[in-house]
Amino acid sequence: MGIFNRGGKGPKEAKKWEKEIKKGKGGWDPYFSLIRFYHEVGDREKLSALLEMASQPSLKRALEAYVAYMEGRSEDARVVLEGLEEDRKESRAWVAFLHGLLGETQGFKECLSLYPRHPWSREIKLLMGQAFLEEGVGEEALGYLMSLESDRDPQVYLLMGKIYHQMGNLLAARNYLDRVLSGGKGEERKEAAALVARLARQKEEWDKVASALKVLLQGASGEEALNLKKELVEAYIKGGRVKDARKVLEELEDVSDLWAAMARVLEERRDWREALEAWDKVGGPRGGLGKGRVLLAMGKTAQAREALEKALEGETREEALYLMAQGAWEEGDADGCLKLLREIDEEVLRSLPQAAHLLARAALETGEVEEAARWALEAFQALPSDERRQVKPTLKKIRRALEGTPEAKKWVPLVEEALKESPFFQRLKEGLLKSRQGIAKKLEETLGLKGDVTREDLERIEEVLISADVGVETTEKLIKALEKRMARGEVRGKEGIMVALRDEILRVLQHAQGRLEVGPPPWVIMVVGVNGTGKTTTIAKLARRFANEGKKVLLVAGDTFRAAAIEQLEIWADRVGVPLVKHQPGSHPSGVVFDAIQAAKARGYEVVIIDTAGRLHTKVNLMEELKKMVRVASKELPGAPHETLLVLDATTGQNALSQARLFSQAVPVSGLVLTKLDGTAKGGIIIAIAGELSIPIKLIGVGEGMDDLQDFDAEAFVEALFDVD
Numbered sequence: 003m004g005i006f007n008r009g010g011k012g013p014k015e016a017k018k019w020e021k022e023i024k025k026g027k028g029g030w031d032p033y034f035s036l037i038r039f040y041h042e043v044g045d046r047e048k049l050s051a052l053l054e055m056a057s058q059p060s061l062k063r064a065l066e067a068y069v070a071y072m073e074g075r076s077e078d079a080r081v082v083l084e085g086l087e088e089d090r091k092e093s094r095a096w097v098a099f100l101h102g103l104l105g106e107t108q109g110f111k112e113c114l115s116l117y118p119r120h121p122w123s124r125e126i127k128l129l130m131g132q133a134f135l136e137e138g139v140g141e142e143a144l145g146y147l148m149s150l151e152s153d154r155d156p157q158v159y160l161l162m163g164k165i166y167h168q169m170g171n172l173l174a175a176r177n178y179l180d181r182v183l184s185g186g187k188g189e190e191r192k193e194a195a196a197l198v199a200r201l202a203r204q205k206e207e208w209d210k211v212a213s214a215l216k217v218l219l220q221g222a223s224g225e226e227a228l229n230l231k232k233e234l235v236e237a238y239i240k241g242g243r244v245k246d247a248r249k250v251l252e253e254l255e256d257v258s259d260l261w262a263a264m265a266r267v268l269e270e271r272r273d274w275r276e277a278l279e280a281w282d283k284v285g286g287p288r289g290g291l292g293k294g295r296v297l298l299a300m301g302k303t304a305q306a307r308e309a310l311e312k313a314l315e316g317e318t319r320e321e322a323l324y325l326m327a328q329g330a331w332e333e334g335d336a337d338g339c340l341k342l343l344r345e346i347d348e349e350v351l352r353s354l355p356q357a358a359h360l361l362a363r364a365a366l367e368t369g370e371v372e373e374a375a376r377w378a379l380e381a382f383q384a385l386p387s388d389e390r391r392q393v394k395p396t397l398k399k400i401r402r403a404l405e406g407t408p409e410a411k412k413w414v415p416l417v418e419e420a421l422k423e424s425p426f427f428q429r430l431k432e433g434l435l436k437s438r439q440g441i442a443k444k445l446e447e448t449l450g451l452k453g454d455v456t457r458e459d460l461e462r463i464e465e466v467l468i469s470a471d472v473g474v475e476t477t478e479k480l481i482k483a484l485e486k487r488m489a490r491g492e493v494r495g496k497e498g499i500m501v502a503l504r505d506e507i508l509r510v511l512q513h514a515q516g517r518l519e520v521g522p523p524p525w526v527i528m529v530v531g532v533n534g535t536g537k538t539t540t541i542a543k544l545a546r547r548f549a550n551e552g553k554k555v556l557l558v559a560g561d562t563f564r565a566a567a568i569e570q571l572e573i574w575a576d577r578v579g580v581p582l583v584k585h586q587p588g589s590h591p592s593g594v595v596f597d598a599i600q601a602a603k604a605r606g607y608e609v610v611i612i613d614t615a616g617r618l619h620t621k622v623n624l625m626e627e628l629k630k631m632v633r634v635a636s637k638e639l640p641g642a643p644h645e646t647l648l649v650l651d652a653t654t655g656q657n658a659l660s661q662a663r664l665f666s667q668a669v670p671v672s673g674l675v676l677t678k679l680d681g682t683a684k685g686g687i688i689i690a691i692a693g694e695l696s697i698p699i700k701l702i703g704v705g706e707g708m709d710d711l712q713d714f715d716a717e718a719f720v721e722a723l724f725d726v727d
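For the sequence shown, this note's numbering assigns the number 3 to the initial residue and increments by one for each residue that follows.
In structure tokens form, the structure reads like this:
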């Protein structure tokens, strides 16, 4: 395993062991150390002589077994060891060690138990860690390996990183692997880099992936180096490091797929000039298709059509027709748009729901209502459930157009069925009524839906957004984005500016959309926030959610400063049917956290939810106490708390922003919970938070019911906010 080749033992130590053997000192220890040395230096003559010197039969058998093992003759070693027993603890420890080497991993444990000060204890602990890791129970060796941490040995860190990875504790794994990357060398560093790259990919941390790949590239050659460079380009592209990606790409040949991937990233960033250059590198019909799409986004319809005509062959034909139809639609040519889309094979059209939706809109515009209904429903069914909302405005227009027509009897029931909303969306829509009236309805009343957009219209939009608590900074960003879209010719009239504003708000919210997930147990969630935000009821709703999923949940009364807080959480714990860890009022919150984590580990709880004090967020001592709770949790369970959720009351408007900034300075806030969205006309605060903070919004609350706390869905939120029908 390479573990024994790290001690730096040489002739000086060998002479010392020889003297000990001659004087009859040291028991079996010098024999094993010396025979290992002779084997490593290849001195077969001295090795044989040492075996002859071992007058004690059991010692000789043990040494012969060890030599057989070192020479790769494990079966011979097992035969020699069979039935070998010793009375002295140290000798029994050496026999147990040999059994460990031969695959009986518990032998390592027995060896150290019998002989705690074994001269090879460090190597034995490493061997044990490797063996238990290979058996899938690496955690059994963690205690032994932790005793070696003071050595700051990359090999120890690598083993611990791999064991924590096996256990599912990815934060702790990354911590140890990063130490290997900073202090290790050779194969250990490469092995750590490969694992770090894998973990970082799972988390989509592309800068870390790139750093790890650069370590792996050191010393790589041939096909291995080529593949690593391709992976590096991919990491750079996904991480938005386009210049770095281009630099590596220029060194490679026949990598059109990577140029295409980079072009896509550039499109997402709206770096149109660079995107066009990248699509030129791709070339052929695929390059023409990409160029056409970019030119359309730039508002250069004629040039887009020219580029797309080069893509009207082979696999790119159908998508090229769709993009050409898009161009016709943007020019106001509904007939031309419909004609192009009808050229697409119907089976292909069904697999391109965006094209089917455009066909429905064009058909409706030209009076082909039945065709519009058919393709709008096709698009609705083909889209994933979380994307179907984009078709609903078209379906509503089709429903109105069908009224009083012979086709109504056939199509209206189908359209009505598609327009049915989920119970939570209905509650979300009802909850956002005040905010909808304060934003979408007010904008519609202020702007109207006809005519061109003027500078004064943009100023009115700005006023409405600021009055809805979207905030000055985020509002300015939205207005600038609208101005850019208008300059590119993407916005047609006042109806178009409403669609563009909706899209820009959705873009901001999607960037901030997060998801609350649960990892390996015990998964610790700490919930922070000021009093009155709905923190305790949020904890209760989370507990019920996890309990309904079949998880063992433990609540922790970490707000020990208020007796009422402990009592309130106790009532909720009883209602939900989950246990609660509590201390007397006035005790240290960190002590409750310590006891709770110990209980969770001992009793197999999967989710631990910690309540915290919520006095005014300006109190420094509260923030210090929160920091201490985090330190205690992390010490008792590496990586804990795995989630720190900050609960904010949407009705407090801009004050919620200042709370978020202050709490995130004290503790690593990993997600936000926005409550009471049903009680405010200023729901724009969620847009401000998304635009100004780099903290994911994970949950929202739109009512008092236990089911009214849901995952934040940016698309659903925006639809509910803008649906003024």
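Don't be surprised by glycine CBs; every beta carbon is placed ideally from N, CA and C.
Quick check: the Cα distance between residue i and residue j, rounded to an integer number of angstroms?
i, j, result
"Q356", "G285", "25 Å"
"P413", "A375", "Here residue 413 turns out to be Trp, not Pro, going by the sequence shown. Approximately 7 Å between the Cα atoms of the pair."
"E88", "K18", "26 Å"
"A442", "V529", "33 Å"
"A403", "Y607", "57 Å"
"V69", "A143", "26 Å"
"K1", "K216", "Residue 1 lies beyond the stretch modelled for the chain, which goes from 3 to 727, so this question has no answer here."
"P118", "G131", "17 Å"
"S123", "P156", "17 Å"
"C739", "T456", "Residue 739 lies beyond the residue range present for the chain, which begins at 3 and ends at 727; the question has no answer from this structure."
"M488", "M169", "53 Å"
"E446", "K678", "25 Å"
"V257", "K232", "8 Å"
"K444", "G521", "44 Å"
"E732", "K394", "Residue 732 falls outside the range modelled here, since the chain spans only 3 to 727, and no answer is possible."
Leaving out the 5 sequence neighbours to the left and right, which residues in its chain are closer than 8 Å to residue i when beta-carbon positions are compared?
i, result
"F662", "Reading off the sequence shown, one finds Ala at residue 662, where the question assumed Phe. Answer for A662: L648, L650, V671, L674, I691, L695 and I697, listed in chain order."
"V720", "R504, I507, L508 and L511"
For residue i, does the three-state DSSP call read helix, strand or coil?
i, result
"H619", "Annotation note: pLDDT 46 at H619 (below 50); position unreliable, no value reported."
"L711", "strand"
"L416", "helix"
"D651", "strand"
"E333", "coil"
"L735", "Any question about residue 735 goes unanswered here, given that the chain covers just 3 to 727."
"E694", "helix"
"G131", "helix"
"R557", "Sequence inspection shows Leu at residue 557; the Arg mentioned does not correspond to that position. L557: strand per DSSP, three-state reduction."
"Q305", "helix"
"L701", "strand"
"E645", "strand"
"L511", "helix"
"L298", "helix"
"W281", "helix"
"V139", "coil"
"W122", "coil"
For residue i, count neighbouring C-beta atoms within 10 Å of its own C-beta (all shown protein chains included) and say buried if the count is 16 or more, exposed if not.
i, result
"K249", "exposed"
"I543", "One detail in the question is off: residue 543 reads as Lys in this sequence, not Ile. So K543 ends up on the buried side."
"V474", "exposed"
"T538", "buried"
"E2", "Nothing in the structure corresponds to residue 2, since the chain is present only between 3 and 727."
"V43", "exposed"
"N229", "exposed"
Leaving out five residues on either side along the sequence, give the residues of the same chain with a beta carbon under 7 Å from the beta carbon of residue i.
i, result
"H120", "A95, C113, L114 and I126"
"D61", "The question names Asp, but residue 61 in the sequence shown is Leu. Contacts found: W30 and Y33."
"A16", "L36 and F39"
Can you give me the Cβ contacts of residue i inside the same chain, cut-off strictly under 6 Å, excluding the 5 residues immediately before and after it?
i, result
"G163", "A175, Y178 and L179"
"R390", "F382"
"A214", "A195, V198 and A199"
"A642", "V526, A635 and S636"
"E367", "A336"
"F563", "A615"
"L361", "L343 and W377"
Does the segment 43-59 come within contact of the segment 73-80, defined as at least 3 CB pairs closer than 8 Å?
-> no
The segment 143-152 / the segment 485-497 touching (three or more Cβ pairs under 8 Å) | no
Three CB pairs or more closer than 8 Å across the segment 547-564 and the segment 587-607 = yes
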